[in-house]
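Its first residue numbered 34, the sequence shown is counted upward by one per residue in the working numbering.
Every residue, glycine too, gets a C-beta built ideally from N, C-alpha and C.
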Amino acid sequence: MIALISYVLTGVAIGGFLVLVFQKIKNRIVSQKIRRILNFGEDDIVFVYQCKDFNENNKVITPDASKEDFIAMNNFLSALIKINWRRDVIVIDSEKFFNNMKMYENKNIILFGSRKVNIVTEIYEKFLENNNIEFYRTERIDKDRWRIIDGEGGIFPSETYSQIELYLKNGIPENQIGQMGLCDTGYITKFSNPLKSENKVMIIAGIRGIGTWGVAECIKKKYKEIYKILQDAKTEKKDFSIRIRILYHNYDISNIIPTGKVFFIDKKQLKLIPYNDILNK
């Protein structure tokens, strides 16, 4: 009887050990794939989010961030935890970054929100444009509407504009639209920091707030698809611009789909251009 109990306990211990080993191997594979996608340098990371109507006369201590930006940053932090990121993560608004660029500009920089809302995104996207790089970015259609374009004439509008109009027309109250199905478009663009090439600049952006939220979630949940795209390309160019389709339902992201052509960015194509020259063009 004692021998049987000992046999059972040994089996349980071995089984538990094998489960632990399997989980460690699985975590290591996940970490390697996300590291391959991010490929950050060894410096700190700076999260830059949009500055919402903040001035010194406001009675708030810090500038507001949209809830979508907050969730997007939290999703990105989850991805960093998966790769056991050990350097600091600095979180600042776009106005503070813009006014103190010398302090932050040579680090790993993550920009949340398109040029529609984030002036720092506009600066770095103009840098890419001035270097004739093909990548996804936003473009204004009219006063209130934007779309995503690429470097080859592709145009990708957000379906949310027409969807919301239809819901309102059919009598859906505005405060209930979040329960309905919505679809936005976003993109990830990653390239070498022009001031320190081993570090990276990454743009996490959608046309609408739910797009930015979904794009950040894509890195955490759809890293396998992005990794496979990079692996299948068999290229040494580790930087890229990829378009993401985001489905939203019942106040949450319901699906995230990397789609369309991927543009690869070679750091050899990037030339340092003073920011003043960029802003004046």
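**Item:** Distance, R170 Cα to Y158 Cα
**Value:** For the purposes of this step, residue 158 is identified with residue 125 of the sequence shown, where counting begins at 1. For the purposes of this step, residue 170 is identified with residue 137 of the sequence shown, where counting begins at 1. According to the sequence shown, residue 158 is Glu rather than Tyr. Whole-angstrom Cα-Cα distance: 7 Å.
| message | For D272, count the other beta carbons within 10 Å of its own beta carbon; 16 or more makes it buried, fewer makes it exposed. Which is it? | response | Here the question's residue 272 lines up with position 239 in the sequence shown. With 16 or more Cβ atoms within 10 Å of its Cβ, D272 is classed as buried.
Taking the beta strand (DSSP E) that W316 belongs to, which residues open and close that run? Only positions 34 to 314 of the chain appear in this structure, which leaves residue 316 out of reach.
Cβ-based neighbour list, P227, same chain, cut-off 7 Å, excluding 5 preceding and 5 following
Indexing the sequence shown from 1 puts residue 227 at position 194. Result list for P227: F160, L303 and L305, in chain order.
field: DSSP beta-bridge partners of Y82
entry: Locating residue 82 in the sequence shown gives position 49, where the first residue counts as 1. Paired residues: D126.
Reducing DSSP to helix, strand and coil, say where F168 ends up. By 1-based counting over the sequence shown, the position of residue 168 is 135. Coil.
Inset, instruction - Identify which residue in Y284, L263, K267 and A266 has its Cα closest to the Cα of G242. - result: Within the sequence shown, residue 242 is the residue found at index 209, counting from 1. Nearest C-alpha to G242: Y284.
ask   = How would you call L199, buried or exposed, if buried means at least 16 neighbouring beta carbons within 10 angstroms?
value = If you number the sequence shown from 1, residue 199 lands on position 166. L199 comes out exposed.
- Query: If you run the structure through DSSP and keep just helix, strand and coil, what is E231?
  - Reply: Sequence index remark: in the sequence shown, residue 231 carries index 198 (1-based). Looking at E231 - three-state DSSP - the assignment turns out to be strand.
Quiz item: Can you check whether the CB of A266 is closer than 9 Å to the CB of F145?
Solution: To locate residue 145, count along the sequence shown from 1; it is residue 112. To locate residue 266, count along the sequence shown from 1; it is residue 233. In this structure, A266 does not lie closer than 9 Å to F145 by Cβ.
Q. Mind checking T292: buried by the 16 CB within 10 Å criterion, or exposed?
A. Mapped onto the sequence shown, residue 292 falls at position 259. When all chains shown are included, T292 counts as exposed.
Measuring straight from C-alpha to C-alpha, what distance separates I70 and N203?
Here residue 70 corresponds to residue number 37 of the sequence shown, with the count starting at 1. Here residue 203 corresponds to residue number 170 of the sequence shown, with the count starting at 1. Approximately 43 Å, taken between the alpha carbons.
May I have the straight-line CA-CA distance separating L42 from R278, to the nearest angstrom? Taking the sequence shown and counting its residues from 1, one reaches residue 42 at position 9. Taking the sequence shown and counting its residues from 1, one reaches residue 278 at position 245. Below a pLDDT of 50, predicted positions are generally treated as unreliable, and L42, at 48, falls in that range; no measurement from the model is reported.
*asked:* Assuming the contact rule is C-beta atoms closer than 8 Å, N141 and N208 should be a hit. Round their C-beta distance to whole Å, please.
replied: Locating residue 141 in the sequence shown gives position 108, counting from the first residue. Locating residue 208 in the sequence shown gives position 175, counting from the first residue. The pair is not a contact, with the Cβ atoms about 39 Å apart (cut-off 8 Å).
Is the beta carbon of I152 closer than 9 Å to that of S315? In the structure displayed, the chain extends from 34 to 314; residue 315 sits before or after that span and is not available.
Exercise for review: Hey, could you find the ends of the alpha helix (DSSP H) V248 is sitting in?
Suggested key: As a working note, residue 248 is residue 215 in the sequence shown. V248 -> alpha helix (DSSP H) spans G242 to K254.
*On the three-state DSSP scale, how would you describe K294?*
Within the sequence shown, numbered from 1, the residue matching residue 294 stands at position 261. Three-state result, K294: strand.
- Query: Span of the beta strand (DSSP E) holding Y284?
  - Reply: Here residue 284 is taken as the residue at index 251 of the sequence shown, counted from 1. Careful: Y284 lies outside any beta strand (DSSP E) and carries neither H nor E.
For K202, report the span of its alpha helix (DSSP H) as first-last. Within the sequence shown, residue 202 is the residue found at index 169, counting from 1. T193 to K202 is the span of the alpha helix (DSSP H), which, as asked, contains K202.
- Query: My guess is that I289 and K255 are in contact by the Cβ rule of under 8 Å, so how many angstroms apart are they, rounded?
  - Reply: As a position in the sequence shown, residue 289 is number 256, starting the count at 1. As a position in the sequence shown, residue 255 is number 222, starting the count at 1. Going by Cβ atoms, the distance from I289 to K255 rounds to 5 Å, so yes, they are a contact pair.
Next on the checklist: Taking the straight line between their C-alpha atoms, what separation do you get for I166 and P190?
Outcome noted: Counted from its first residue, the sequence shown places residue 166 at position 133. Counted from its first residue, the sequence shown places residue 190 at position 157. Approximately 21 Å, taken between the alpha carbons.
### Task
Under 6 Å Cβ to Cβ from T193, same chain only, skipping five residues before and after it: list those, please.
Reading the sequence shown from its first residue, position 160 is the one you call residue 193. Contacts found: L215, D217 and R241.
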